[in-house]
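Peer 1: Protein chains in written order, with UniProt numbering: chain F, 1 to 378; chain L, 1 to 254; chain C, 1 to 286; chain H, 1 to 450.
Ideal Cβ placement from N, Cα and C applies to all residues, glycine included.
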Amino acid sequence: MDESEHATEESSNPHHWFSHLLDRFDEFHARFEGPNTIGNNRTFWAVFWGIFAILLVYPMIVNTFVLKTNTSFFIWVILALSLSIVWGYSGIFNFGQMATFGLGGYAYGVVAINLTEMIGGTVLALLIGVVLPAVVMAALGYFMFYGQVSGLYVAIITLVVTLMFNLLLTRTSGTTIGDAQLGGLNGMSGIPTLELDVVAFSFDLTPVSEYYLVLALMIAVYLGLRYTVNSYYGYVMIAIREDERRTQMFGYDIRKLKTALFSAGAALGGLAGVLYVSWSGFIDPTMFGLVSASLPIIWVTVGGRGTLLGSGIAAYLLQYTSNELGAMGTGYSFIFLGILFILVILFFPSGIVPALRDRWVAWSTTRKQSGSVQEGNS
Amino acid sequence: MRSKQGTNDGPKTNEALLSASGLTKRFGGLTAVNDVDFRLPKGQIRCLIGPNGAGKSTFLKLLTGFHTPTDGTIYYKGEDITSSHPHIRAKSGISFKFQKLSTYQDLTVEQNLRIPTQLYTDGDQLDEHIDELLELVELTDKRSMPVTNLSHGEQQWLEIAMTMGVEPELLLLDEPTAGMTIDETEKTAGLVRDLIDEDVTVLIVEHDINFVRGISDMVTVMHNGQIFAEGSVEEIVTHEGVKKIYLGKSVEGD
Amino acid sequence: MSLIESLFGFLILALSHFGKLALIALGLAVIFGIMGIINFAHGEFILVGAYTTAMGYHAGFPLLLAIFVGGLAAGIFGLIVERLIIQHLYDRLIETLVATWGVSLIVIQLVRIQFGGTFAGIHTPLGSIQYGAFSASTYRIALAGAAIVLFASTYAIFMYTRYGLHSRAAMQNKEMAQCLGIPTKRVYMKTFFFGSVLSGIAGGLIAPTVSLTPDMGTNVLVEAFVTVIVGGANVIVGTSLAALSLGIIQAPASMLFGTLGGYLALLITTVLLIRVLPEGLTGVVE
Amino acid sequence: MGARKSTDRSGQTTPNAHGSGKNSRRRFLKAAGGLGSAAGLSALAGCIGSLGSDDETIRIGTLYDNSGELGFTGEGKDAVTEMFLEEQDYELLGREVELISYDPAGDNTQYQNLTRRIIQEDEVDMLFGALLSSNREAMRPIVNENKQLYSYNDWYEGGVCDQFTFINTTLSSQQRPMIEFMIDNFGPDYYAIVADYNYGTISNQYARFYAEEYGGQPVGEEFVPLGVDEFGSTINDIQQADPDWILSLTIGAPQASFFEQAEAAGLDVPYGSMSNIAGTYEHKTFEPPVMTDTYSCFSYFEEIPTERNQEFVEKFKSEYPDFDYVFLSIVDAYTALQLYWEAVELAGTVDQEEVAAAYESGDISVEAPSGTVAMDPETHHATQDMWLAHVDESHEVQFLDVDGNPTDEPISEQVGTSDWFASECQLASESTWDDPITEQYIPEEGDLTE
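#1: First and last residue of the beta strand (DSSP E) that includes C161/H?
#2: Once you ignore the five residues that flank F316/H on each side, which residues in its own chain have a CB closer than 8 Å to its CB?
#3: Between P278/C and Y153/F, is the Cβ-Cβ spacing less than 8 Å?
#4: Distance check for Y163/C and I157/C, CA to CA, integer angstroms please.
#5: Mind the definition here: the segment 132-145 of chain L touches the segment 176-186 of chain L only if three or more C-beta pairs lie below 8 Å; say whether that holds.
#6: Would you call the segment 397-405 of chain H in contact with the segment 187-194 of chain H, where contact means no fewer than 3 C-beta pairs closer than 8 Å?
#7: Should C47/L go down as buried or exposed, given a rule of 16 or more other Cβ atoms within 10 Å for buried?
#8: Going straight from the alpha carbon of Y75/L to that of T82/L, what length do you get?
#9: Compare the C-alpha of A389/H against each of Q217/H, T201/H, V355/H, P177/H and name the closest.
#10: In the DSSP assignment, find the alpha helix (DSSP H) that holds H42/C and state where it starts and stops.
#11: Cβ of P214/C within 8 Å of Cβ of R83/C?
#12: Ignore the nearest five residues each way along the sequence and tell me which others in P207/F's own chain have a CB closer than 6 Å to its CB.
#13: Below 8 Å between beta carbons: does that hold for I156/F and G102/C?
#14: Please return the same chain residues whose Cβ sits closer than 6 Å to the Cβ of Y156/H, not counting the five positions on each side in sequence.
#15: Counting C-beta neighbours from all protein chains within 10 Å, is the total for I4/C 16 or more, i.e. buried, or is it exposed?
#16: Give me the chain H residues within the contact set of S173/F, using Cβ-Cβ distance strictly less than 8 Å, ordered along the chain.
#17: What residues match up with P146/L in a beta bridge as DSSP calls it?
#18: Comparing the C-beta of L128/F with each C-beta of chain C, is any distance below 8 Å?
#19: Give the secondary structure of T335/H by DSSP, where H, G and I count as helix, E and B as strand, and everything else as coil.
#20: Can you list, in chain order, the residues of the segment 101-127 of chain C whose Cβ is nearer than 9 Å to any Cβ on chain F?
#21: Could you tell me which residues DSSP pairs with W299/F in its beta bridges?
#22: Could you pull the DSSP bridge partners for Y76/L from this structure?
#23: Is DSSP giving G34/H helix, strand or coil here?
#24: What residues from the segment 94-110 of chain L come within 8 Å of chain F, judged by C-beta to C-beta, listed N to C?
#25: On the three-state DSSP scale, how would you describe H390/H?
#26: What separation, rounded to the nearest whole angstrom, lies between the Cα atoms of K42/L and D253/F?
#27: List the endpoints of the continuous alpha helix (DSSP H) containing K317/H.
#28: What residues from the segment 201-226 of chain L come within 9 Å of chain F, judged by C-beta to C-beta, listed N to C?
#29: Would you verify that the beta carbon of T365/F is, or is not, closer than 8 Å to some beta carbon of chain L?
#30: Touching or not, the segment 29-46 of chain F and the segment 215-235 of chain F, by the rule of three or more beta carbon pairs under 8 Å?
#31: Which parts of the segment 79-155 of chain F are runs of the beta strand (DSSP E), unbroken and 3 residues or longer, counting only runs that do not cross its ends?
#32: Which residues does DSSP list as the beta-bridge partners of V366/H?
#33: How close, in whole Å, do the beta carbons of V109/L and M145/L come, if the pair is a contact with beta carbons under 8 Å?
#34: Spell out the partners DSSP gives F119/C in its beta bridges.
#35: Is there a C-beta anywhere in chain H that falls below 8 Å from the one on M176/C?
#36: Buried or exposed: which applies to H16/F, given that a residue is buried once 16 or more other Cβ atoms fall within 10 Å of its Cβ?
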């Protein structure tokens, strides 16, 4: 969990302005650092912004197809981060995170189709796509958490509710809401792309600007969540995950907190859903199926439940891999994923990224130790 | 630490901080707590003893709101709290230490202390308060360690500090010395005694009669879900009936 | 439709719902009740049982023997899964759930690659019984009887065998059982095998009434889950009561609002029941 | 639509007769070492995609499931595509034809990804694909956005009115001769068992409309969710309603359990089916007499007794022995290629806008295994012959005429779309390549009768 070998200790740098810059660099990142996240040193952030820089120039070196596909991976990363908060940090085993994604997507679709003429219509649709899943899940959360439902039973109820959405949406082949045809199993198509034309500036999202928007949101969500989990709320989330009753005995209203977390996670899942539907112009009820519902759970499990970074990386790589396997035209991609999955659970129970982190820490500690006396056990 | 108001009711007054009447808890066919009437005056340190299965732990859990009673009423500071939620009771000053060690294993020592204290102390005084608590349990130099690196005794003390973090007026301790060495037990006794200075009322479930003798004013004996006897330590130790119910029974665990 | 006839129709329907729910839930309930883990690949154990039964049947075995072989095949499959995966994950509920989900993915896909979209089914035996203007399949009613027999046998095994004694002890208190020298790991292994056999037999029994597809396990999984959760920890009483009451709720709902209505009634009842009785029906019984 | 493998094939593995040939032509994107350098690799893949184009070669793309629930159906379509291309020596307009196929595995997200890939990276000249309507609807937004010529050729409920899409298959409205036949021969009261999603409910609307037109009505309707295989209450309900015949719109293998359960319950009512036999050959997969007295009306059955068809069936089965029933989806894929070939030859180019114009010329008509199939310029749907098949006690198929007499002729020739759709959808006159209509019209209550 903990890895606080800050790289700040070195002093005597001859270039003062440079060391000053480095200090500012560390200072800026300090608010995102803490024992609840992976990557709390200068090297990590240097790599992080390095990758970010590569991603910034990425659209200039690839074609539209690759760019579009990458945009969708970023959206999946946001979804994975939302489950990482709800399940990984707060311990609420939510089988319905994909349902929040689907709800957000459907809400955006319906509103955007109806308000397609209106200036700022899609922005309003985005807001509704975020708020609706939050409200629905707040209601479900209230129902569950105030009724003392917990653990496995939360998983079962969220799964059952997800499947009910699936069942009901499949039946909407003739249902219209305003101009929007829900379309039953065939799904809803013709959903307009997000248009950021509010007051100050206005542009239609091209694949490139869409890529930048989603990239910016992904980075913002990641940093925002890092900030959150290393703050007051972060400790409380972990406290709830580890021992609900204990935490309650300290005076925390865990019913309220869990409902709030559940709902906030849903808002984030909804945001991802909105972005996805804006990206694809299409959504269908398979989003609420058993297989889809388990996808975010796979990402978070493989990447590491207690880490935002791990969940995000796993989402990206697993979606990428299944995409490529899909293009190779084999029926074996599910078998591959299933085996990967079991191996991770057996050999890296806390996830691949934390396991790699531990290796790295062990390696760098021994290296330091052999050089000088180790500073501070961490 | 928060200064306690109403210093005029010093320790050992007769005003009950906590009382229960007709308190009953059934689990299916089993009656764990049976029609208990109980008074705990403000400022007292009370030990609750009794043989295995006497209902002591259940009784404590009823007081914290962990279990809802089948029947009966609980008053705290004159208010009926029978149906109030555990976190409400915690906020009104009832703090509970589980028998089972329940520090947060994924957090550091300092973060463990932060969880309870940050609800009750203003942001600018928080760090100071945490320092005080760390000092109290002598864990200052281990503040940024993961809890998993602590010994069992240290974790127990940390947890006592955590229960102190909520600024309790009533502290419920469920077997705080369970699994401790003799030295550790002594240190724990010292810690609990210090609480008197903090003007905290304490109810302890405990087996170790030496431990009880060292800290307690009054002892309540439970048996078969009911209050069997009540009195000073000396009275209880010499009580014929109490001897009888302990006879042939294990004095371990509840 | 006369009152008597509709009552009879309702009874038969409730009975066949009960039979199916009880059969598909029993294996899951045994594993959940004793080991406390949720087997997400449960549906695939049923699938293995059903496919093997069909293969045996087409190879010329009598149906009952084929069903027995199906149960055995699922049991062996269960044993392999337990040895390879489950035994490393005891006491880790969520990990087991996720790992068995992985098993389920693999099995479905392998079956699909091996056997294609569907598999030749078994003709429903025993004909039909007539009541007034109505008739129903005798075999489906017999399934309810089979469920009762299976429950009774499971009960007998728990009550009167050494394994049963051990498993009940392990269920009550694992630490205590270990102190008493009960080899809990062996008990768990046997339990997983036993649960798998029961699932396989259930698969074999329902095989003549449904189409055999790689998704058949996924289709029954939710119903099985729901029955076990509603039932609670008590394997025999809880699960059978849950199957009965869910069957009684599903039957009129599907008569009134169609199959979808019945299915929704099942799910909604479950959600409400978990809310009211977090321990499941077991909590009421005890 | 559940593809079924029949009994004697059950023990075998994936078809291999056509597998090897196809794989060699299938474009593989290297996913090796995918973990670790994802971003870099997809960048690379992108470059290869745009560099690899060769103006001389004509590229045909197919997106049919080769795995997943309907994998077998897609394999059949890819197999027949290969057979057709071999018949043409992989040549069109004297240029080489390259086939690019991917397997979306029944997953709509994959359908979208691969549609993007096949259009933007592989730059196909013509795209064939989708099995279910939902797959098609997942593809269409991308197809339209990229102005890609596209063929859909698997039976569906009808209603797609799209500048870029050309459709040849049996529509629900084209099955109307069956409704008329059932009402005339068995009586007006029918009970409908309908798969509860778009295909089922919309087809049921057509059925109800035509039934009314021919003097019949439903005495009961049951909507069954996909994947449900429990029909106890349905059978009860049918017995209570006591219909003259049952309209079957069951979809997928689980729902086909209905027939087995009805047989076991002793239900003895003839079936008029809009979804069985031709595409999913229940008469081959169930043991007789489960499907006895099923009447089914489609543009194609393997049993169609014409010489053209029997030759086709023989050739296909000898080349792809894994398929022992040539189902509708296979033939529709073949016919779709025939239609494209004719359109390209008429246009003299593969330029997509010009080929679309050729499709719309009104001169596109081919001799398909099912008979004459013509492309209707306004609706972009095929006009074709309809056959009425009757399944007997031993699960043999005979074709019947309107009076129920055995015949070697279709029950109705050159059947077009419903009048309602024909009046709604006028692509040739109202839509252009640059200002396209890309809709799916779904009849609302009362639409059909007007």
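Peer 2: Once the coordinates are examined:
#1: Walking along the fourth sequence from the start, residue 161/H turns up at place 161. Unbroken beta strand (DSSP E) run through C161/H: 160-162.
#2: Within the fourth sequence, the letter at position 316 stands for residue 316/H. The answer, listed in chain order, is A79, V80, M83, F323, V326, I330.
#3: Stepping through the third sequence from its first residue, residue 278/C is reached at position 278. Stepping through the first sequence from its first residue, residue 153/F is reached at position 153. Result yes, Cβ atoms of P278/C and Y153/F sit closer than 8 Å.
#4: Within the third sequence, the letter at position 157 stands for residue 157/C. Within the third sequence, the letter at position 163 stands for residue 163/C. So the two alpha carbons sit approximately 8 Å from each other.
#5: no
#6: no
#7: As a first step, residue 47/L is located in the second sequence; it is residue number 47 there, counting from the start. So C47/L ends up on the buried side.
#8: Counting from one through the second sequence, the residue named residue 75/L turns up at place 75. Counting from one through the second sequence, the residue named residue 82/L turns up at place 82. In a straight line, the C-alpha of Y75/L is about 7 Å away from that of T82/L.
#9: As a first step, residue 389/H is located in the fourth sequence; it is residue number 389 there, counting from the start. It is P177/H.
#10: The count along the third sequence starts at 1 and reaches residue 42/C at position 42. Here the alpha helix (DSSP H) through H42/C covers 42-58.
#11: Translated into positions along the third sequence, residue 214/C becomes position 214. Translated into positions along the third sequence, residue 83/C becomes position 83. No, Cβ-Cβ distance for P214/C and R83/C is not below 8 Å.
#12: For the purposes of this step, residue 207/F is taken as the residue at position 207 of the first sequence. Excluding sequence neighbours, P207/F sits near T64, L67, K68.
#13: Counting from one through the first sequence, the residue named residue 156/F turns up at place 156. Counting from one through the third sequence, the residue named residue 102/C turns up at place 102. Result no, Cβ atoms of I156/F and G102/C do not sit closer than 8 Å.
#14: Along the fourth sequence, one-based indexing puts residue 156/H at 156. Cβ neighbours of Y156/H beyond the five flanking positions: S133.
#15: Locating residue 4/C in the third sequence gives position 4, where the first residue counts as 1. Answer is exposed; the Cβ neighbour count stays below 16.
#16: Here residue 173/F is taken as the residue at index 173 of the first sequence, counted from 1. Within 8 Å Cβ-Cβ: Y197, N198, T201, I202, I442.
#17: To locate residue 146/L, count along the second sequence from 1; it is residue 146. T108/L, per the DSSP bridge assignment.
#18: Stepping through the first sequence from its first residue, residue 128/F is reached at position 128. Sequence check: residue 128/F is Ile here, not Leu. For I128/F, the answer is no, since every Cβ of chain C falls outside 8 Å of its Cβ.
#19: Taking the first residue of the fourth sequence as position 1, residue 335/H is located at position 335. Three-state DSSP puts T335/H in a helix.
#20: W101, G102, V103, S104, L105, I106, V107, I108, Q109, L110, R112, I113
#21: Position 299 of the first sequence, counted from the first residue, corresponds to residue 299/F. Paired residue(s): none; W299/F is not in a bridge.
#22: For the purposes of this step, residue 76/L is identified with residue 76 of the second sequence, where counting begins at 1. Bridge partners of Y76/L: L18/L, E79/L.
#23: Looking up residue 34/H in the fourth sequence gives position 34. Note that G34/H scores 34 on pLDDT, short of 50, meaning its location in the model is unreliable and no value can be drawn from it.
#24: S95, F96, F98, S102, Y104, Q105, D106, L107, T108
#25: Taking the fourth sequence and counting its residues from 1, the one referred to as residue 390/H is at position 390. Three-state DSSP puts H390/H in a strand.
#26: Position 42 of the second sequence, counted from the first residue, corresponds to residue 42/L. Position 253 of the first sequence, counted from the first residue, corresponds to residue 253/F. Straight-line Cα distance between these residues: approximately 27 Å.
#27: To locate residue 317/H, count along the fourth sequence from 1; it is residue 317. Where K317/H is concerned, the enclosing alpha helix (DSSP H) stretches over 307-319.
#28: none
#29: As a first step, residue 365/F is located in the first sequence; it is residue number 365 there, counting from the start. No, its Cβ sits nowhere closer than 8 Å to a Cβ of chain L.
#30: yes
#31: none
#32: For the purposes of this step, residue 366/H is taken as residue 366 along the fourth sequence, with counting starting at 1. Answer by DSSP bridge pairing, in chain order: V373/H.
#33: Numbered from 1 along the second sequence, position 109 holds the residue referred to as residue 109/L. Numbered from 1 along the second sequence, position 145 holds the residue referred to as residue 145/L. 6 Å between Cβ atoms; contact.
#34: Within the third sequence, residue 119/C is the residue found at index 119, counting from 1. In the DSSP output, where bridge partners are listed per residue, F119/C has L212/C.
#35: Within the third sequence, residue 176/C is the residue found at index 176, counting from 1. Output row for M176/C: interface = no.
#36: Indexing the first sequence from 1 puts residue 16/F at position 16. Flag for H16/F reads exposed.
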